[in-house]
Amino acid sequence: MLKLHTTDLSPFGQRAKIALRAKGLLDETELVETYGGTDALGELAPMRQIPILEHDGFILPESQTIAEYLDDVFPAPSFLPDAPNSRATARLLARIADLYIAPHFLTLVIGMRDDLRVDQRVTTFNALNQGLGFAEQYLAEDTLYAASDTLSFADLALAPFLFYVPHLADWYGMGAFPNTLKCSNYLSRISKREHIDKAFAEMETAYKARVASLKN
Ligand SMILES: N[C@@H](CCC(=O)N[C@@H](CS)C(=O)NCC(=O)O)C(=O)O
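For what it's worth, this note's numbering labels the leading residue of the sequence shown as 30, then goes sequentially.
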């Protein structure tokens, strides 16, 4: 039995959901729609954050750990390329997404509600752009996906965050990808790929609903 606690708006949740979809497991997964921070999530994991996966009684938080667990239990298709350099790049890009992009993304999303001050906007976009610059160094340009010609941990982690970059830049009146053309090109090319396209469509709908609720 597979169950995923998540919401379509969350790029962390989408990492787990894309993983399930790519493994052909989404149809048999019960999706529990929830935002983070609830008492019900707190009973499953101390972080109280989405996503949380349940698999035959095993309860697992943290999106990257969930993706790695799914790859261990359901090995095909693998989320790691064959070549050691590409495998390392896939892991590195996922780590860059978590360490240097995700924190600034969260500040900007929370700031939509709390009306981030102008100086904080600039600081946060500078930090976000620095994180994107780190990804830029390692993104492959001549491959179908971020690290190779197959979907990997890099795409599961990076693509959902990059999806939001133009949306958040638009919301805050900032430029998207000012010095990161490779990231921008990657976003265009990945948005057409199987599994990612569905995630992006779900995020688009969820983001529009979020914007509408903030404007009301
Ligand atoms: N490191 C976590 C981050 C997950 C995360 O920040 N989830 C957000 C939603 S996008 C959340 O549940 N926030 C609620 C809270 O922190 O109380 C992961 O990779 O799964």
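Ideal Cβ positions, reconstructed from N, Cα and C, are used throughout, including at glycine.
On a predicted model such as this, the values are computed, not experimentally measured, just so you know.
In this chain, Glu62 is not harboured by any alpha helix (DSSP H); it is covered by the beta strand (DSSP E) spanning 58 to 62. Exclusion of the five residues before and after Ile88 leaves Leu73, Ala74, Ile81, Leu82 as the residues of its chain whose Cβ lies within less than 8 Å of its Cβ. In the three-state reduction of the DSSP assignment, Ile79 falls in the coil class.
Taking Ser220 as the centre and dropping the five residues before and after it, the same chain places the C-beta of Asp226, Phe229 closer than 7 Å to its C-beta, in chain order. Taking each of Gln166, Thr179, Gly86 in turn and checking the Cα distance to Ala48, the smallest one comes out for Thr179. A contact is defined here as three or more CB-CB pairs under 8 Å, and the segment 131 to 140 meets this definition with respect to the segment 189 to 198.
Taken through DSSP and simplified to helix, strand or coil, His34 comes out as strand.
A straight-line Cα-Cα distance of about 9 Å links Asp100 and Leu109.
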